[in-house]
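Student:
2 protein chains.
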Amino acid sequence: MTETQILNYALNQFAGIDAAAFELSAPYWQRKTYGKGEFYNEYKNVCKYLGFILDGVFRTYYIDDESAEEKNVFFFSKNQVVVAYKSFVTQTPCSYYTESMTESTILYIHINHLTELYGKSHHWERFGRLVAETAFNLAMNRAEEFMFRTPEQRYLELIQNHPDIFNNVPLYHIASYLGIQAPSLSRIRKRMVGK
Amino acid sequence: MTETQILNYALNQFAGIDAAAFELSAPYWQRKTYGKGEFYNEYKNVCKYLGFILDGVFRTYYIDDESAEEKNVFFFSKNQVVVAYKSFVTQTPCSYYTESMTESTILYIHINHLTELYGKSHHWERFGRLVAETAFNLAMNRAEEFMFRTPEQRYLELIQNHPDIFNNVPLYHIASYLGIQAPSLSRIRKRMVGK
DNA sequence: CTATATTCTTAACCCAAGTTAAGATCGTCA
DNA sequence: TGACGATCTTAACTTGGGTTAAGAATATAG
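Going down the list, the protein sequences come from chains A and B.
Quick note: the first sequence uses the numbering used here, first residue 1, plus one each step.
Quick note: the second sequence uses the numbering used here, first residue 1001, plus one each step.
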């Protein structure tokens, strides 16, 4: 399967984009590869592209003014959309960095082209709405994790629900994602051995 | 100003709904009042209505299985939309309770009518998108509060940004919203006296 | 204006995460 | 293989929230 076919298939799964609707978009998608540590989008930049990950893992993180620590907010991996959603839809500067954690390949489309597609086909409008709902779900799930669960519960749920991330990311990045320091994660892991 | 005019004005401010577009919706809006403690929507119910608050304050809360405690997730007040967003857009059962904390009055519209309006006017499509973005911002802000701020910082920001809520809600509800117990909020307040 | 319920604060004790620094383990590549 | 850097764990101590229960302050109603 070619990369374009993979994209076509994924968009069909995600939003029912059919062959004709996909054809409309075909001229607009571009391909890009990232080395480990390269940025998809940086703090204070406006996010102008929506990406589809063919391979690799990205993380978006915040830098805390006071502690100067990086705090991981989201991970994005294979066959997912990667975008700084708020910055993208409002075309305002981003509060985060989004960095490739591995060698990665994406296909991406410019916001102007996407907006153009919204006008041309209801399939693409539907796509836009579904991206919005996905972004909402990501943010709400994250809020719920922190409001309702302990760090230990968050750790267990990450292993359950996102083994792909757990298995491909160093523990200190996991700790940051869980909202705790590396030594605390070590203690949690130690505590759990007895269970 | 009549209640309908207030709604018209608010929708115009929020999403540029003009007189003609508002006319389309006029037959669909209904009025409802709530006593203190009455529910806008309950756990396991599908949220079928989107409300606009003319007066009053609502809270949506989660009941933790283990501790059986209520955890406040959002407050909604005058001139805001009240809705259980995820339940509303997916028409699936809600995880939360949304309760009126005061005597309240809302105007509300059924999802089927709203969907109908989406098809009739780009103004209403725009409204749908803006509600989605508002819901995303609410959820993302909440996630950021918990990921990046201490309880004390969250308390200060609530006073700064939402004095209307702070001044009209008992402290034990504020504590729950901040993700801490009432005695902890008391300690924070005490600590801060010296500043 | 008192009685009552609600809300808020305080105290004492417990426990988990933060902090810092040291050392163990793992990977990788010359 | 051996040496370096990266990652992970551990220890000792500090800090702040959780828990429980008591009591103080505030509202509300009779």
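Just so it is clear, CB atoms sit at the ideal spot from N, CA and C, and this is done for glycine as well.
Quick one: does ARG31/A have its CB under 8 Å from some CB of chain B?
Tutor: As a first step, residue 31/A is located in the first sequence; it is residue number 31 there, counting from the start. ARG31/A does not count as touching chain B.
Student: Starting from SER186/A, follow the beta strand (DSSP E) in both directions and report where the run begins and ends.
Tutor: As a position in the first sequence, residue 186/A is number 186, starting the count at 1. Segment 182-193 is the alpha helix (DSSP H) holding SER186/A; no beta strand (DSSP E) there.
Student: Within the 8 Å Cβ cut-off, does LYS86/A reach chain B?
Tutor: Counting from 1 along the first sequence, the entry for residue 86/A is found at position 86. Answer yes: the Cβ-Cβ gap between LYS86/A and chain B drops below 8 Å somewhere.
Student: Output, in chain order, the set of chain B residues within a Cβ distance shorter than 8 Å of VAL71/A.
Tutor: Within the first sequence, residue 71/A is the residue found at index 71, counting from 1. The sequence given here has Lys at residue 71/A, not Val. Ordered by position in chain B, the residues that pass the 8 Å Cβ test against LYS71/A are MET1147 and PHE1148.
Student: Identify every run of the alpha helix (DSSP H) within the segment 1051-1092 of chain B, keeping only runs that are complete inside it and at least 4 residues long; order them along the chain.
Tutor: Listed in chain order, they are 1085-1090.
Student: Taking the alpha carbon of ILE1188/B as the point to measure from, which residue in VAL1169/B, TYR1097/B and PRO1151/B has its own alpha carbon closest?
Tutor: As a first step, residue 1188/B is located in the second sequence; it is residue number 188 there, counting from the start. Ranking VAL1169/B, TYR1097/B and PRO1151/B by Cα distance to ILE1188/B puts PRO1151/B first.
Student: Residues of chain B with CB closer than 8 Å to the CB of VAL89/A, please, in chain order.
Tutor: As a working mapping, residue 89/A is identified with position 89 in the first sequence. Per Cβ cutoff of 8 Å: GLU1133.
Student: Where does LYS1036/B sit, in a helix, a strand or coil, going by DSSP?
Tutor: Stepping through the second sequence from its first residue, residue 1036/B is reached at position 36. The answer is coil: DSSP assigns LYS1036/B none of H, G, I, E or B.
Student: Residues bridged to VAL1206/B by DSSP?
Tutor: The structure shown does not extend to residue 1206/B, since chain B is modelled only from 1001 through 1195, so no value can be given for it.
Student: Starting from GLN1153/B, follow its DSSP beta bridges and name the residues at the other end.
Tutor: Translated into positions along the second sequence, residue 1153/B becomes position 153. GLN1153/B is not bridged to any residue.
Student: Should the segment 43-58 of chain A be regarded as contacting the segment 97-111 of chain A, the criterion being three or more beta carbon pairs within less than 8 Å?
Tutor: Yes: at least three Cβ pairs fall under 8 Å.
Student: So with CB distances below 7 Å, who are the chain A contacts of ALA1143/B?
Tutor: Within the second sequence, the letter at position 143 stands for residue 1143/B. Those within 7 Å of ALA1143/B in chain A are ALA139, ARG142, ALA143 and PHE146.
Student: Would you decide whether SER1077/B is buried or exposed? Buried here means 16 or more other CB atoms lie within 10 Å of its CB.
Tutor: Start at 1 with the first residue of the second sequence, and residue 1077/B comes out as number 77. With 16 or more other Cβ atoms within 10 Å, it is buried.
Student: Below 8 Å between beta carbons: does that hold for TRP1029/B and LEU1007/B?
Tutor: Here residue 1029/B refers to the residue found at position 29 when the second sequence is read from its first residue. Here residue 1007/B refers to the residue found at position 7 when the second sequence is read from its first residue. Yes. Within cutoff.
Student: Measure how close the beta-carbons of TYR34/A and SER100/A come, nearest whole angstrom, since I'm counting them as under 8 Å.
Tutor: Working through the first sequence from its first residue, we reach residue 34/A at position 34. Working through the first sequence from its first residue, we reach residue 100/A at position 100. At roughly 4 Å, the Cβ-Cβ gap stays under 8 Å, so TYR34/A and SER100/A are in contact.
Student: Looking only at its chain, what residues have a beta carbon closer than 7 Å to the beta carbon of ASN1047/B, apart from the 5 residues adjacent to it on each side?
Tutor: Stepping through the second sequence from its first residue, residue 1047/B is reached at position 47. Here residue 1047/B turns out to be Cys, not Asn, going by the sequence shown. Around CYS1047/B: ASN1041, VAL1083, ALA1084, SER1087, PHE1088 and CYS1094.
Student: Excluding the 5 residues flanking PHE75/A on each side, which residues of the same chain have their C-beta closer than 6 Å to its C-beta?
Tutor: As a working mapping, residue 75/A is identified with position 75 in the first sequence. Correct list, in chain order: ARG59 and ILE165.
Student: Let me confirm a value: THR1098/B is counted as buried when at least 16 other C-beta atoms fall within 10 Å, else exposed. Which label applies?
Tutor: Here residue 1098/B is taken as the residue at index 98 of the second sequence, counted from 1. Flag for THR1098/B reads buried.
Student: In chain B, which residues lie less than 8 Å from GLY179/A when you measure between Cβ atoms?
Tutor: Numbered from 1 along the first sequence, position 179 holds the residue referred to as residue 179/A. The contacting residues are PHE1146 and MET1147.
Student: How big is the Cα-Cα spacing for GLN1160/B and GLN1080/B?
Tutor: By 1-based counting over the second sequence, the position of residue 1160/B is 160. By 1-based counting over the second sequence, the position of residue 1080/B is 80. Taking the straight line from one Cα to the other gives about 18 Å.
Student: In chain order, what residues of the same chain have a beta carbon less than 7 Å from the beta carbon of ALA139/A, not counting five sequence neighbours either side?
Tutor: Taking the first sequence and counting its residues from 1, one reaches residue 139/A at position 139. Closer than 7 Å at Cβ, skipping near neighbours: no residue.
Student: Identify the contact partners of ASP64/A in chain B, using a Cβ-Cβ distance below 7 Å as the criterion.
Tutor: To locate residue 64/A, count along the first sequence from 1; it is residue 64. The contacting residues are PHE1148.
Student: What did DSSP end up calling GLU1125/B once you bin it into helix, strand or coil?
Tutor: As a first step, residue 1125/B is located in the second sequence; it is residue number 125 there, counting from the start. Helix, per DSSP.
Student: For a contact meaning CB atoms closer than 8 Å, what does PHE166/A contact in chain B?
Tutor: For the purposes of this step, residue 166/A is taken as the residue at position 166 of the first sequence. The premise fails here: PHE166/A is roughly 19 Å from chain B at the closest Cβ pair, so nothing lies under 8 Å.
Student: Taking only the alpha-carbon atoms, compute the straight-line gap between TYR1096/B and ASN1045/B and give it to the nearest angstrom.
Tutor: For the purposes of this step, residue 1096/B is identified with residue 96 of the second sequence, where counting begins at 1. For the purposes of this step, residue 1045/B is identified with residue 45 of the second sequence, where counting begins at 1. Whole-angstrom Cα-Cα distance: 9 Å.
Student: On the CB-based measure, 16 or more other CB atoms within 10 Å of its CB, does MET192/A come out buried or exposed?
Tutor: On the first sequence, residue 192/A is found 192 positions in, with the first residue counted as 1. Counting Cβ neighbours within 10 Å, MET192/A comes out exposed, since fewer than 16 surround it.
Student: Is LEU178/A closer than 8 Å to ARG154/A when the C-beta atoms are compared?
Tutor: Position 154 of the first sequence, counting from 1, holds the residue named residue 154/A. Position 178 of the first sequence, counting from 1, holds the residue named residue 178/A. In contact: ARG154/A and LEU178/A (Cβ atoms closer than 8 Å).
Student: Just reading off the beta strand (DSSP E) that TYR108/A is part of, what are its end residues?
Tutor: To locate residue 108/A, count along the first sequence from 1; it is residue 108. Segment 104-110, the beta strand (DSSP E) holding TYR108/A.
Student: Using a beta-carbon distance below 8 Å, is PHE1014/B in contact with chain A?
Tutor: Here residue 1014/B is taken as the residue at index 14 of the second sequence, counted from 1. By this cut-off, PHE1014/B is not an interface position.
Student: So, is the C-beta of PHE1136/B closer than 8 Å to a C-beta in chain A?
Tutor: Residue mapping note: residue 1136/B aligns to position 136 of the second sequence, counting from 1. Taking Cβ atoms only, chain A reaches closer than 8 Å to PHE1136/B, which makes this a yes.
Student: Can you check which of these residues, PHE1148/B, PRO1170/B and LYS1120/B, is closest to LEU1024/B by C-alpha distance?
Tutor: The count along the second sequence starts at 1 and reaches residue 1024/B at position 24. The residue with the shortest Cα to Cα distance from LEU1024/B is LYS1120/B.
Student: So, under 8 Å CB-CB, ALA21/A and TRP124/A are touching, yes? Tell me the CB distance rounded to an integer number of Å.
Tutor: Start at 1 with the first residue of the first sequence, and residue 21/A comes out as number 21. Start at 1 with the first residue of the first sequence, and residue 124/A comes out as number 124. That belief holds up - the Cβ atoms of ALA21/A and TRP124/A are roughly 6 Å apart, short of 8 Å.
Student: Are ALA15/A and PHE1136/B close, meaning C-beta to C-beta below 8 Å?
Tutor: For the purposes of this step, residue 15/A is taken as residue 15 along the first sequence, with counting starting at 1. For the purposes of this step, residue 1136/B is taken as residue 136 along the second sequence, with counting starting at 1. No, the Cβ-Cβ distance between ALA15/A and PHE1136/B is not below 8 Å.
Student: Can you check whether the CB of ASN168/A is closer than 8 Å to the CB of VAL73/A?
Tutor: As a first step, residue 73/A is located in the first sequence; it is residue number 73 there, counting from the start. As a first step, residue 168/A is located in the first sequence; it is residue number 168 there, counting from the start. No; because the gap between Cβ atoms is not below 8 Å, this pair is not in contact.
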